[in-house]
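What follows is a short report on a single structure.
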Amino acid sequence: MSKNNLLLLHGALGSKSQFSSLVPFLEKTFQIHVLDFEGHGSSPLKNRPFRLDHFSENVLDYLSDHSLNCIDIFGYSMGGHVGLYLAQKHPEKINQVFTLATKFLWTPELAEREVASLDVETVLKKVPQFAKVLEERHAVSGWKNVLEKTKEMFLEQGKNNPLPLEEMRNIHHMVRIGVGDRDKMVSLEESIEAYHSLPQGELQIFPKTPHPLEKVPLSNLVYAIVDFFSPERR
8 MSKNNLLLLH GALGSKSQFS SLVPFLEKTF QIHVLDFEGH GSSPLKNRPF
58 RLDHFSENVL DYLSDHSLNC IDIFGYSMGG HVGLYLAQKH PEKINQVFTL
108 ATKFLWTPEL AEREVASLDV ETVLKKVPQF AKVLEERHAV SGWKNVLEKT
158 KEMFLEQGKN NPLPLEEMRN IHHMVRIGVG DRDKMVSLEE SIEAYHSLPQ
208 GELQIFPKTP HPLEKVPLSN LVYAIVDFFS PERR
């Protein structure tokens, strides 16, 4: 019996390497696909800003290159936003979407608050270990370039949310919204509001779970992904 194709999409400042501990547990059930968005990890920068539609192009190119007509998506944080954006703009390319720790509420004030911690000098001074992680993760494009482009993207999303809740009402795919109960970036309230906006939405709250992917209990996440994308649920 052939396995369903499942694409894992990383978040802002992330890369596909962050799924290295997750993939072995999912490979038993799915044909796993991973990619680096442009400017992240092993993928070089392009002469354009970071935007959801550009990252969506990266996914569409990947599907074309691998002769995949459509695919299931698990998206962490920004990756979930990309998955939903694709479901809304290119519904024929997406089967189901599972988002985790995806931020749906964007305002100029919230965007300013998010980028305040993304200043290069602040990162170097206050969290040098994180700076080193980013330096190694984004050796191709340069972590400082990735940081600056991410800040600009957040500020733009604060002005013009690329996927407002009212547009999510047009997504008729099965979608599960996942959020940790201790996530300080993504509120339960905005996750619940997103869930209510989706005609076939589901909501899953992970206990004792903060925002960083590395701190999400692995066994809980594996179980949730296998459950949601199970062929019996389709």
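To convert, count from 1 in the sequence shown and add 7; that's our numbering. Where is the CB? At the ideal position from N, CA and C, for every residue including glycine. Keep in mind the model is a prediction, meaning the values are calculated, not measured.
- The beta carbons of H47 and S74 sit no closer together than 8 Å.
- A straight line joining the alpha-carbon of L170 with that of S63 spans about 13 Å.
- Around the C-beta of L195, fewer than 16 other C-beta atoms lie within 10 Å, and the residue is accordingly described as exposed.
- Your pair Q95 and E174 checks out as a contact, with CB atoms roughly 6 Å apart and the cut at 8 Å.
- By the CB criterion at 8 Å, Y69 and L42 fall inside the cutoff.
- For L172 and H61, the gap between their C-alpha atoms comes out near 20 Å.
- A residue is called buried once 16 or more other Cβ atoms fall within 10 Å of its Cβ, and H145 is buried on that count.
- The C-beta distance from D79 to N11 rounds to 6 Å, short enough to meet the 8 Å contact threshold.
- Beta-bridge analysis with DSSP links T106 to G82, I184.
- For K166, the closest C-alpha among the options S84, A118, K222, T109 is that of A118.
- In the three-state reduction of the DSSP assignment, H88 falls in the helix class, which pools H, G and I.
- Taking C-beta separations shorter than 8 Å and ignoring five residues to either side along the sequence, the partners of L205 in its chain run M175, R176, I178, V182, I184, following chain order.
- For I199, the closest C-alpha among the options D190, M192, Q211 is that of Q211.
- Residue ranges of uninterrupted beta strand (DSSP E) with 3 or more members, entirely inside the stretch 193 to 229 and ordered along the chain, are 208 to 213.
- With contacts defined as CB atoms closer than 8 Å, T216 and D188 qualify as a contacting pair.
- Here L14 carries a strand assignment [DSSP, helix/strand/coil].
- Excluding residues up to 5 positions away in sequence, V122, L125 lie with their Cβ nearer than 7 Å to the Cβ of K158 in the same chain.
- Nearest neighbour of P51 by Cα position, chosen from E197, W150, F236, turns out to be W150.
- By the criterion of a C-beta distance shorter than 6 Å, V193 is surrounded in its chain by A108, K110, V186, once the five residues flanking it on both sides are discounted.
- One Cα belongs to V140, the other to E221, and the distance between them is close to 13 Å.
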